[in-house]
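Inspection log for the structure reproduced underneath, given as structure tokens.
Numbering (the UniProt record's numbering), first residue to last: 1 to 502.
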């Protein structure tokens, strides 16, 4: 029996309120889908129902007749600057960003729980998404009674703070994961970005190599051997006696490639967050407004521009460094060292002296070195495939054949011995280093040094020795308050200290 106006007033009011909420929800969904040219959602879902709540939290429709595509399945946009370098472009809408409303909402709640209050634009800057995307979410969160207005802010904005309901939600979220930084980039988009910035597309010329090693004295024959190895972007063994500049060469290889790349601050994989940008390993290269190069292009600030990475690891390298590590206190994962070095150079210094055996490294990397991709296990147990796109340089003063078997050596196509310098180059190193270190150069004293302390005792010449001996001379002269000069007496003192047990 239908209600009369007198009998059913509250019920009618509830229906009207529900209809208003439904209209508002559908209006917001239509606005979001219109920007991505998706058909508008017209299937009614009663607000407050379990289906409606689940749809909001996951970004997916629970009705099978409605296509649910919360993530962009398209490749990342191939935008280039005037130099032809790839740049990440700001997403037009949330769908193209590759993350759901609920993921952004969680970040905003945790941020407000830490900061007490913040304007909408401050929150937009925190999660590195455009304000035009964040503002509708904040309005919806206010309607859901998760946040409230503390007051007005500039430019048609508000100061937001958590309600009791929002604070309870934020605390529960923080117990699961404390991360509230930049919104993560979809894994697929990161993989696409590596493809667009891969070393395989870089072909350094002889001029590029001269520029990369312009501060080192390198024999022309050495450069001729290094050139094809660097050009290949594959593996490289640098071996030879200690002190001849293997590490110095390895650290400068990246300069021969393109100068900058873009990497995401964090990567999202099915709700898990993995940090990639590491300020201790990556050198930030802020975007400058140079000659209108980036005019009319908005950068996606979830990405950072860095110099092509050169990451050097030595005896501290362990098997754990090659896997995704989870901080149990924050539940935030950290990318392994090889992922952080993608599109750059990874130097394994003092190879053979790591805390793990060479066989362990062989077994871990034998497939990635061949196939150029790697598999990583996440804390959830999920396994993901990621690019293995870097020039790996193994630097060692041991014989490579004594360290690894033929199967491993086959996957490192270039093996280059860094030999002792010839006497002419050795003399030139003294001439170059003396003014740099602050010691007065003396040709007669150098002749005395080579004849007495090298040829007479059959001592091998090493590239590091001119610098090290001149430092000994300078330090001695400073101590005795005498002019820093290359005298015979000063060189005798330096040799006695430096070669005491060598």
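Positions of the beta carbon are idealized from the N, C-alpha and C atoms, including for glycine.
Annotation for residue 149: the continuous beta strand (DSSP E) segment containing it runs 147 to 153. Put simply, the segment 356 to 369 does not touch the segment 377 to 385. Fewer than three CB pairs are less than 8 Å apart.
Taken in chain order, the unbroken stretches of alpha helix (DSSP H) that lie wholly in the segment 382 to 468 and span 4 residues or more are 400 to 403, 406 to 410, 423 to 437 and 443 to 450. Relative to the Cα of residue 343, the nearest Cα in the group 148, 98, 194 and 104 belongs to 194. Taking a C-beta distance under 9 Å as the contact criterion, residue 114 and residue 180 qualify as a contact pair. When beta bridges are read from the DSSP output, residue 326 appears opposite 333. With 16 or more other Cβ atoms inside 10 Å of its own Cβ, residue 184 counts as buried. Taking 9 Å as the cut-off, the beta carbon of residue 347 is found no closer than this to the beta carbon of residue 334. With respect to the 9 Å criterion, residue 243 and residue 465 are classified as neighbours on the basis of their beta carbons. Counting along the chain, the unbroken beta strand (DSSP E) around residue 119 starts and ends at 117 to 119. When C-alpha distances from residue 96 are compared across 457, 160, 186 and 138, the shortest belongs to 186. Taken through DSSP and simplified to helix, strand or coil, residue 80 comes out as strand. Collapsing the DSSP output to three states places residue 298 in coil. Nearest in C-alpha terms to residue 235, of all of 199, 208 and 270, is 199. For the alpha helix (DSSP H) assignment, the uninterrupted runs of no fewer than 4 residues enclosed by the segment 147 to 197 are, from N- to C-terminal side, 164 to 176 and 187 to 196. Annotation: residue 272 to residue 332 spans about 8 Å, alpha carbon to alpha carbon. For residue 206, the CB contacts under 8 Å within the same chain, skipping 5 residues up- and downstream, are 223 and 227 in chain order. Per DSSP, the continuous beta strand (DSSP E) segment holding residue 373 begins and ends at 373 to 377. In the structure shown, the three-state DSSP call for residue 254 is helix. Per DSSP, the continuous beta strand (DSSP E) segment holding residue 346 begins and ends at 345 to 348. Ranked by Cα distance from residue 167, the first of 450, 144, 312 and 284 is 144. Close CB contacts of residue 438 within its chain, under the 7 Å cut and outside five residues either way in sequence, are with 474 and 484 (chain order).
Setting aside the 5 residues that flank it on each side, residue 433 is surrounded in the same chain by 466, 467 and 470, each with a C-beta closer than 7 Å to its C-beta; the list follows chain order. Of the residues assessed, residue 104 falls on the buried side of the cut-off, its CB having 16 or more other CB atoms within 10 angstroms.
Between the C-alpha atoms of residue 90 and residue 219 there is a straight-line separation of about 47 Å. Residue 403 sits away from residue 445, with the two beta carbons spaced by 9 Å or more. According to the DSSP secondary-structure assignment, residue 259 is paired through a beta bridge with no residue.
Rounded to the nearest angstrom, the gap between the Cα atoms of residue 277 and residue 134 is 23 Å.
Taking the Cα positions, residue 100 is about 23 Å away from residue 87. Put simply, the backbone Cα of residue 394 is about 9 Å away from that of residue 415.
Judged by DSSP in its simplified three-state form, residue 311 adopts strand. Between the segment 306 to 324 and the segment 417 to 434, the count of C-beta pairs closer than 8 Å stays below three; the two stretches do not touch. For the options 152, 250 and 322, the alpha carbon positioned closest to that of residue 356 is the one of 322. The residue among 111, 118 and 398 with its C-alpha nearest the C-alpha of residue 153 is 118. For the 9 Å CB-CB criterion, residue 121 and residue 92 do not form a contact.
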